[in-house]
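*Asks:* Please see the structure below; I have some questions.
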Amino acid sequence: MSNIRFEQIEGKSLGFYILITGLGILILAALGSVYYVEHHGHFVTGMNNRIVWGMPHVFALFLIVAASGALNVASISSVFNKKLYKPLSRLSGLVALSLLAGGLMVLVLDLGRIDRLIVAMTEYNFKSIFAWNIILYNGFFVVVAIYLWMMFERRMNKFSHKVGLVAFSWRLILTTGTGSIFGFLVARQAYDAVIMAPMFIIMSFSFGLASFILILMASYKWTNRPLGNIIVNRLRNLLGVFVAAVMYFVAVYHLGNLYLAENTGIENFILFDGGIYTKLFWYGQIILGGIVPMVLIYHPITKGDRSMLGLSSVLIIIGGFIQLYVIIIGGQAYPMELFPGKEVLEGYGDIAQYLVSLPEVFLGIGGIALAIIIVTFLVKFLAFLPESLEDDLADLYYKR
Amino acid sequence: MNKALNRRDFIKIMNATTTGVAIVASGITLTTFASVSETPVTNKKRWGLLIDTNKLTETDIDGMVNACQQEQGWGTEIRSTSSQKPGWIKKLKIKDKATNKVSNLALMCQHCEEPPCVDVCPTNASMKREDGIVLVDKHLCIGCRYCMMACPYDARSFVHETLNNQKEHMPRGKGTVEACTMCVHKVDKGETPACVESVNSEAVIFGNLYDESSQINQTLKIVQSSQIRADLNLNTGVRYSGI
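Residue numbers (the numbering used here), protein chains in the order written: chain A, 242 to 641; chain B, 866 to 1108.
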């Protein structure tokens, strides 16, 4: 590591200020939305008593899941001792923390009683997976902050492997917890599957790496720093494997559910006759977020093109949002099976309607903006980014 | 030491005595009131409902819903959409797929012995009393709605707007979750839930499931009854017959 020079970005260009201003406006818009919803109540949102978790949860869970995955690059370096990724470790930790901060902002600002956050921090029901997650999310901040300290402080470098191992384990448990929020909901046909936990882990690998790649490429392009093909191609291959793994888990989840008679209703709904949810599943999640990125990543024509990798990452992120939308909103829209063997004629049993409102979208986008603004500020004030990631340097590290 | 009591000393002594008496008296009074109002809740009782769908008419169910609304003060929300308005009791019509038999029933919080809402609530706001009544502590509820995700009966509602003119016994609040309380404020005074009172037949029986002399216990011993989603092993306090 000795001859890798980490340096802050200058952060004085017009572009930098435009970026900060733009993100600041988005964050202000989110806070305005929060005030509006808090003041009036959730009736101004599209959420209701059937779709109790709406668009904010799609954003929040995407960011939380991606946060956990963004740490993978650092983990590969510290835990699995892949030297090539070592120069990226600091940025990986930073992106992880930033995405988590954005996700948590959205999650807590959508509570019905935001003023009672202190209750959430002082009253714990240890049977609740949600309470475990509060501890896991807060712990992630601490663990990754210590991990970054081990990386930044030369005297502490020798501990980075061990702390990296803790961080890696923590992120796996964290995403297990996030997936289990759904996996343990026994009453709902769309959830109630232990496979949700590993599926969320692999989703985190994919969404987190796609987010990391975009931030990496943008920060090197905008600061005119060299970013060689060796590192980019390694990340590209890794991304391809993760996308394929997500598709595998999705296939196993749905095929498994189809096999169980009790779940054929929800499977027919999502896969065949669920209107918008079926369209989102096939066109958004599978084709746009899975097959097209895979083709772009592996097809000989597009394989070497960096902008195609950027496009793949964007599509994976959009597909990820759609996947979470289908899971969260679609899963709630389909009615619970209250009376097996009977048809509910009146009073319950219809497909729940949900119309996303602007305040919900603004709040969600505010979470993304917060994540990006944290990265932007911190790379300006601390040395997160290597001065150069050109091929001969990367090659040197790879061979070590 | 035979000191004459001057006016200043007299006032001092009187003030001290008055304060002392006031403190002791108020303590006694509070204790007395507390012991009067605080009926011990134990697990020796398990409150429950038995709803006979063969006897329950659609008019009965409408009456139950209205009585619940009147008693608890929900349903007057003006800004919430129909899917956002609270619904502590639902009127359901179900048809057996094989026989086409149609049944009407009232669906409310099932007051599970193992309530999923209590398990998932991060702040202990969702809780079950010793006597089996499942409630939400409005002071602890942060409005995360995870309990609504977990409830197998879609029995909980979220308050989507600011409320006015609430019932004294039922403080409801914007941004918190609520559900049927089995009229706990009445039950604790030895009364019957409002929905049960509204039905002029034996279509709905309320009582202590554990008490062998109670009508609900005796009826449940002789009629075929079922729990909704019995497969979830929640041992609900609300039972149905005729479905």
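We treat Cβ as the ideally placed atom computed from N, Cα and C, and that holds for glycine.
Small disclaimer: the values here were computed from a predicted structure and weren't measured.
1. In angstroms, rounded to a whole number, what distance separates the CA positions of A:H402 and A:N322?
2. Does DSSP classify B:D1024 as helix, strand or coil?
3. For B:T897, which three-state DSSP category applies?
4. Are there 16 or more other CB atoms within 10 angstroms of the CB of A:L312, so buried, or fewer, so exposed?
5. List, in chain order, every chain E residue whose beta-carbon is nearer than 7 Å to that of B:N989.
6. Do A:V493 and A:I422 have their beta-carbon atoms positioned less than 8 Å apart in this structure?
7. Pair every Cβ in the region 287–300 of chain A with every Cβ in the region 587–606 of chain A, then say whether three or more of these pairs are closer than 8 Å.
8. So which of A:T363, A:L348, A:K324 and A:L304 has the shortest CA-CA distance to A:S447?
9. Apart from the five residues on each side of it in sequence, which residues of its chain come closer than 6 Å, Cβ to Cβ, to B:V967?
10. Tell me, please, whether the CB atom of B:L1005 is closer than 8 Å to any CB atom in chain A?
11. Kindly say whether B:I1025, judged by its beta-carbon, lies nearer than 8 Å to any beta-carbon of chain A.
12. In this structure, does DSSP put B:L1094 in helix, strand or coil?
13. So, helix, strand or coil for A:E364, using DSSP?
14. Does any residue of chain B have a CB that is nearer than 8 Å to the CB of A:M605?
15. Using beta carbons (cut-off 8 Å, strictly below), is B:Q937 in contact with chain A?
16. From the DSSP output, which residues share a beta bridge with B:C974?
17. Is A:M362 buried or exposed, if buried means 16 or more other CB atoms sit within 10 Å of its CB?
18. Would A:D633 count as contacting chain B if we go by Cβ distances under 8 Å?
19. Looking only at C-alpha atoms, which of A:N470, A:S319 and A:I568 sits nearest to A:L634?
20. Measure from the alpha carbon of A:T417 to the alpha carbon of each residue in A:L269, A:A593 and A:A438, then state which is nearest.
21. Starting from the Cα of A:S339, find the closest Cα among A:D632, A:G608 and A:E631 and give me that residue.
22. Using a cut-off of 9 Å between C-beta atoms, extract the partners of A:L586 located in chain B.
23. Would you tell me roughly how many angstroms separate the C-alpha atoms of B:C974 and A:N478, rounded to the nearest one?
24. Which chain B residues are close to A:R466, counting only those with a beta carbon under 7 Å from its beta carbon?
25. Can you check which of these residues, B:D917, B:R1094 and B:N1030, is closest to B:T1084 by C-alpha distance?
26. Run through the DSSP bridge pairs and tell me what B:V1069 is partnered with.
27. For B:L1000, which residues does DSSP report across the bridge?
28. Would you kindly report the start and end of the unbroken alpha helix (DSSP H) that includes A:Y494?
29. I'd like the list of long-range same chain contacts for A:V299, defined as Cβ closer than 8 Å, with 5 residues on each side in sequence excluded.
30. Beta carbons nearer than 7 Å to chain A: which residues of the region 903–917 of chain B have them?
31. Could you spell out where the beta strand (DSSP E) holding B:L957 opens and where it closes?
32. For B:C986, which residues in the same chain have their Cβ closer than 6 Å to its Cβ, ignoring the five residues on either side in sequence?
33. Determine the contact status of B:V1069 and B:T1041, defining contact as a CB-CB distance below 8 Å.
34. For B:V906, which residues of its own chain have a beta-carbon under 6 Å away from its beta-carbon, when the five flanking residues on both sides are left out?
35. Under 8 Å: do the region 325–341 of chain A and the region 450–462 of chain A share three or more Cβ pairs, one atom per stretch?
36. Whose Cβ in chain B lies nearer than 9 Å to the Cβ of A:I414?
*Replies:* In this structure, then:
1. 8 Å
2. Looking at the sequence provided, one finds Val at residue 1024 of chain B rather than Asp. Correct three-state label for B:V1024: coil.
3. Because B:T897 sits at a pLDDT of 41, beneath the cut-off of 50, its placement in the model cannot be relied upon, and the point is left open.
4. buried
5. Here the protein chains are A and B, and chain E is not one of them.
6. no
7. yes
8. A:L304
9. K960
10. yes
11. The identity of residue 1025 of chain B in the sequence shown is His, whereas the question assumes Ile. Output row for B:H1025: interface = yes.
12. Here the sequence assigns Arg to residue 1094 of chain B, which means Leu is not the residue at that position. Three-state DSSP puts B:R1094 in coil, outside helix and strand.
13. coil
14. Checking the sequence shown, residue 605 of chain A turns out to be Gly, not Met. Cβ-Cβ to chain B under 8 Å: no for A:G605.
15. no
16. None; B:C974 has no bridge partner.
17. exposed
18. no
19. A:N470
20. A:A438
21. A:G608
22. L957, K958, I959, K960 and V967
23. 51 Å
24. Result: empty, since nearest Cβ-Cβ is about 43 Å, beyond 7 Å.
25. B:D917
26. B:I916
27. B:M992
28. N470 to Y500
29. F562, L565, Y566, I569, I570 and G605
30. none
31. K955 to D961
32. C1012
33. no
34. R994, E995 and D996
35. yes
36. The contacting residues do not exist; A:I414 stays about 17 Å from chain B at best.
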